[in-house]
Amino acid sequence: AEAVAPRWGLSRGGALGLACALILAFSFLNLRGTRLGASINNLATWAKIAAIAAFVVLGPILGDAAVHGGAGPVPPVVEGGVLLRFGQALSPILFSYLGWNASVYVASEIRDPTRNVPRSLFLGLAICAALYLAINLVYLHALPPAALAASTDAGEATARVLFGPVGGSLVSAFVLLSVLGTLNATMLVGPRIAYAMALDRQFPSGADRVHASFQTPAVAILVQAGVAIALVLLLETFPRALDFTVFGIVLATSADTVALFALRRRQPERPRPYRAFGYPWVPAAYLAVNLAIGTAIAVGSPRECLMTFGLLALGLLLYRRFARYSPTARSSGSR
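Written out as structure tokens, the structure is:
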């Protein structure tokens with residue numbers, strides 16, 4: 065919405081309205097059927113991979129031969145120390161990789177999950193990392209670091225240098241379609257969390273209702289849409305929403321890692337079909353890096369991080385309220 069607002073002459077309110085409308089539209093698509101949402105997601109994913117691969121291969125070959133991208137100086141760090149600014153810069157980078165674990169949310173709907181869930185995690189993450197590194201090499205081939213830092217759309221700026229204005233416009237349009245594909249994927253997997261929690265009586269019971277005709281978690285989808293729209297209206301800009309989101313994910317994944325250590329200690333004999341590679345050193349290193357990044361984000365965006373803390377605190381209160389009456393809690397208490 066922020067990208068098209070200047071081209072369409074939309075005000076700030078118009079951009080926010082468009083963002084909310086897009087959330088509702090893709091929520092409706094996924095409410096209509098899981099197969100429809102998954103088909104859109106698969107189509108968007110293959111289109112993104114094909115377009116990125118073509119851009120990476122054809123850019124250096126067919127692009128302007130006079131390009132000398134990497135020769136320019138790196139912009140200086142203006143505020144704060146290098147490590148602090150580096151940690152803050154990791155916020156959008158982590159955001160790019162968010163969703164690597166999304167297949168876990170829909171594991172109950174995946175064929176042969178014991179085999180396919182780990183494959184989806186490792187292969188998906190490896191493919192994304194390879195594509196991101198390759199496309200950044202093309203960016204650096206076409207533009208010096210200072211020009212990259214000044215651009216709001218690195219893909220469009222690179223395409224304009226390599227292929228001219230028409231190429232830049234085409235890549236810009238593709239980036240917007242890619243964003244819509246990501247929005248659809250989020251609408252596909254997100255409601256399954258609230259739906260599964262409601263089934264376990266750890267969330268309001270209405271969220272486990274399935275649509276009579278479409279057999280989708282309709283109430284959970286609507287709950288997610290409502291929360292997303294509320295956050296859009298409260299945070300207003302994408303950078304603020306990004307820091308809010310990434311800080312919350314950093315805290316959540318840190319808690320997951322702490323839980324790994326706690327459960328290994330409290331329940332050493334528990335069956336563990338999925339092993340933690342390099343335990344305890346790899347999880348400990350991951351936890352330390354996560355906490356360092358979270359600290360840097362909190363220093364740079366204190367207001368957004370306070371909002372994240374507030375929402376997590378509310379979630380914890382709700383969880384404690386419902387978990388007290390869940391079957392899991394009762395069975396644990398009986399033991």
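Quick note on numbering: my numbering labels position 208 of the sequence shown as 272, and the sequence is numbered without any gaps.
C-beta atoms are modelled at their ideal positions from N, C-alpha and C, and glycine is treated no differently.
No experiment lies behind these values; they were computed from the predicted model shown.
- Two segments are said to touch when three or more pairs of C-beta atoms, one from each, lie closer than 8 Å; by this definition the region 226-236 does not touch the region 251-264.
- In the three-state DSSP reduction, ARG328 falls in the helix class (H, G or I).
- In the three-state reduction of the DSSP assignment, ILE157 falls in the helix class, which pools H, G and I.
- Counting along the chain, the unbroken alpha helix (DSSP H) around TRP345 starts and ends at 345-364.
- Counting along the chain, TRP110 sits inside the alpha helix (DSSP H) bounded by residues 98-126.
- Taking all protein chains in view, the Cβ of GLU333 is surrounded by fewer than 16 other Cβ atoms within 10 Å, so the residue is classified as exposed.
- PRO335 carries a coil assignment under DSSP once its states are collapsed to helix, strand and coil.
- The alpha carbon of VAL68 has as its nearest neighbour, out of LEU154, PRO156, VAL243, the alpha carbon of VAL243.
- Excluding its 5 nearest sequence neighbours in each direction, PRO268 has C-beta neighbours in its own chain below 7 Å: ALA262, listed in chain order.
- Annotation: the region 219-261 contains no complete segment of the alpha helix (DSSP H) (minimum length 4 residues).
- A straight line joining the alpha-carbon of ALA118 with that of GLY163 spans about 24 Å.
- A straight line joining the alpha-carbon of LEU299 with that of ALA362 spans about 16 Å.
- Ranking LEU195, ARG224, PHE90 by CA distance to the CA of ALA206 puts ARG224 first.
- Around ALA294, the same chain offers no residue with a beta carbon nearer than 6 Å, after the five sequence neighbours per side are excluded.
- The region 191-211 makes no contact with the region 70-79: fewer than 3 CB pairs, one atom from each, lie closer than 8 Å.
- Apart from the 5 residues on each side of it in sequence, LYS112 sits with its Cβ closer than 6 Å to the Cβ of SER242 in its chain, given in chain order.
- Two segments are said to touch when three or more pairs of C-beta atoms, one from each, lie closer than 8 Å; by this definition the region 266-284 does not touch the region 326-344.
- Listed in chain order, the non-local C-beta contacts of VAL287 below 8 Å within the same chain comprise PRO255, ALA258, ALA271, local neighbours out to five positions each way being set aside.
- Assignment of ALA69 by DSSP, reduced to helix, strand and coil, places it in the helix class.
- In this structure LEU158 touches VAL310 by the C-beta definition: roughly 5 Å separates them, less than 8 Å.
- When the five nearest sequence neighbours on each side are left out, the beta carbons in the same chain lying within less than 6 Å of the beta carbon of ALA198 are those of VAL120, in order along the chain.
- If you compare the alpha carbons of GLY342, THR216, VAL283, LEU93 with that of GLY245, the shortest gap goes to LEU93.
- Taking a cut-off of 8 Å for Cβ pairs, the region 372-384 and the region 302-321 touch, as three or more such pairs fall below it.
- Classified as buried, ASP307 has 16 or more neighbouring CB atoms from the shown chains inside 10 Å of its CB.
- In the displayed model, ARG384 falls within a helix according to three-state DSSP.
- CA-CA distance, ALA218 to LEU327, rounds to 43 Å.
- Judged by their CB atoms, ASN200 and PHE90 are not nearer to each other than the 7 Å cut-off.
- Assigned with DSSP and collapsed to three states, GLN288 falls in helix.
- Pairing ILE87 with ALA289 gives a Cβ-Cβ distance under 7 Å.
- Relative to VAL239, the option among GLU220, LEU370, TRP110, PHE227 whose CA is nearest is GLU220.
- Of the candidates TYR203, ASN165, ILE174, ASN165 places its Cα closest to the Cα of LEU189.
- Here PHE341 is exposed. Its C-beta has fewer than 16 other C-beta atoms within 10 Å.
- The C-beta distance from LEU95 to ALA348 rounds to 42 Å, too long to meet the 8 Å contact threshold.
- ASP320 and LEU126 have their C-alpha atoms some 46 Å from each other.
- Less than 7 Å divides the Cβ of ILE357 from the Cβ of LEU154.
- Contact between VAL181 and ALA171 holds: their C-beta atoms lie close to 5 Å from each other, under 8 Å.
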